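Participant: One structure, as structure tokens, below. Some questions next.
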Amino acid sequence: MLSKLLYTSAFAALVAVVSGANEYSDSDFANNLDSVVQDLAPYWHFADGSCYPQAAEVNGQQTNGNEAGGDLCIISQLANGCQDPGPWNGANTQGSSFPTYYTANYCPDSNTWRIVYSVYFRHDSGHESDWEFAAIVLQKDSNNLWFRDCIFLEQDGSHPCVGYGSFTTVNEDNINDDSQTNGNHPKIYSAKYHHAMWNNQYTGNKGDCLVLNVDQFRVNDFYFPAANNLANGTLIPLGWDWGSATSAPLVTAAWSGGGQNICNF
């Protein structure tokens, strides 16, 4: 696991855009990939009372999915068997730590880098075990530097690539400020029931698990910075069976033969 990013001499090569997100050189990707992955990492947001993410493996052993009282749509039992996020102290409460599993993928056909960040839940409101991801796409600018272009968001099998400027962002210390864009860390909101990933909040249908994804409740009750607990996606073997959850880290990696090559999205 990687510790939270410290701006050391190893990271000095990253080029900051004035009042915006850092950009990266080819050398950064070749020599400081871990630092790039940390600098790009999202801030995840979750609703209170939802199934909260946790480690998908412990000491090399796969975490088993579970049901919530036998009916995954019983709202009062939705969080049963999942990691406790800790006490809620109002909006933007920092939740318990959990790993974000990442893969770094260079896509030659599009000349892009696609960094995939994946999180694991023991269930959603429809099935045991759930994997969700956000994949940050970087393009090259006229200065030959890599910049954040858009983010593929996993939404129950669809994967829109939402322009980076459509995300509110965090630069380490402004978690309560929803006015900033084009900073280093995008805020990503996980829907309460199916955990689809979004760039915005939606406060309707708090008690309804049957609505369409776009109308699912998603807010900022809890957050967690992915950079605080990053784990290489290779920790999750490609052969592990997750049932209906079909987007585990190596399944979407470009170089693993997993069947959902992120370069083809």
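Mapping of the sequence shown onto mature numbering (1 follows the signal peptide of the UniProt record, and there is no 0): residues -20 to -1, 1 to 245, in sequence order.
Beta carbons: idealized from backbone N, C-alpha and C, even for Gly.
No experiment lies behind these values; they were computed from the predicted model shown.
Where does P217 land, buried or exposed, given buried means 16+ other C-beta within 10 angstroms?
Facilitator: Exposed: under 16 other Cβ atoms inside 10 Å.
Participant: Provide the residue(s) that pair with Y23 in DSSP beta bridges, ordered along the chain.
Facilitator: In the DSSP output, where bridge partners are listed per residue, Y23 has K167 and P205.
Participant: In angstroms, rounded to a whole number, what distance separates the CA positions of V38 and P205?
Facilitator: Using only the alpha carbons, I get a separation of about 21 Å.
Participant: Return yes when the Cβ of E108 is within less than 8 Å of the Cβ of V99, no when it is not.
Facilitator: No. Outside cutoff.
Participant: Using the three-state DSSP reduction, which class does G70 fall into: helix, strand or coil?
Facilitator: The answer is coil: DSSP assigns G70 none of H, G, I, E or B.
Participant: Below 7 Å CB to CB, which residues in the same chain sit around G213 once its five sequence neighbours on both sides are set aside?
Facilitator: If we look at G213 and ignore the five residues flanking it on each side, its Cβ neighbours are Y81, Y82, T83, S98, P229, L230 and A233.
Participant: Please name the residue, chosen from A10, G(-1) and H175, that lies closest to N85 on a Cα-to-Cα basis.
Facilitator: When only C-alpha atoms are compared, the closest one is A10.
Participant: Using CA atoms only, rank isn't needed, just tell me which of I131, C141 and D136 is closest to P166.
Facilitator: Comparing Cα-Cα distances from P166 to each of I131, C141 and D136, the minimum goes to I131.
Participant: Going by other Cβ atoms of all chains shown within 10 Å of its Cβ, with 16 needed for buried, is N91 buried or exposed?
Facilitator: The residue is exposed, with fewer than 16 neighbouring Cβ atoms inside 10 Å.
Participant: For S159, which three-state DSSP category applies?
Facilitator: Three-state result, S159: coil.
Participant: Report the residue from F127, E134 and S224 whose alpha carbon sits nearest the alpha carbon of D19.
Facilitator: Ranking F127, E134 and S224 by Cα distance to D19 puts F127 first.
Participant: Since C31 and C62 are thought to touch, with beta carbons under 8 Å apart, how far apart are those beta carbons, to the nearest angstrom?
Facilitator: 4 Å between Cβ atoms; contact.
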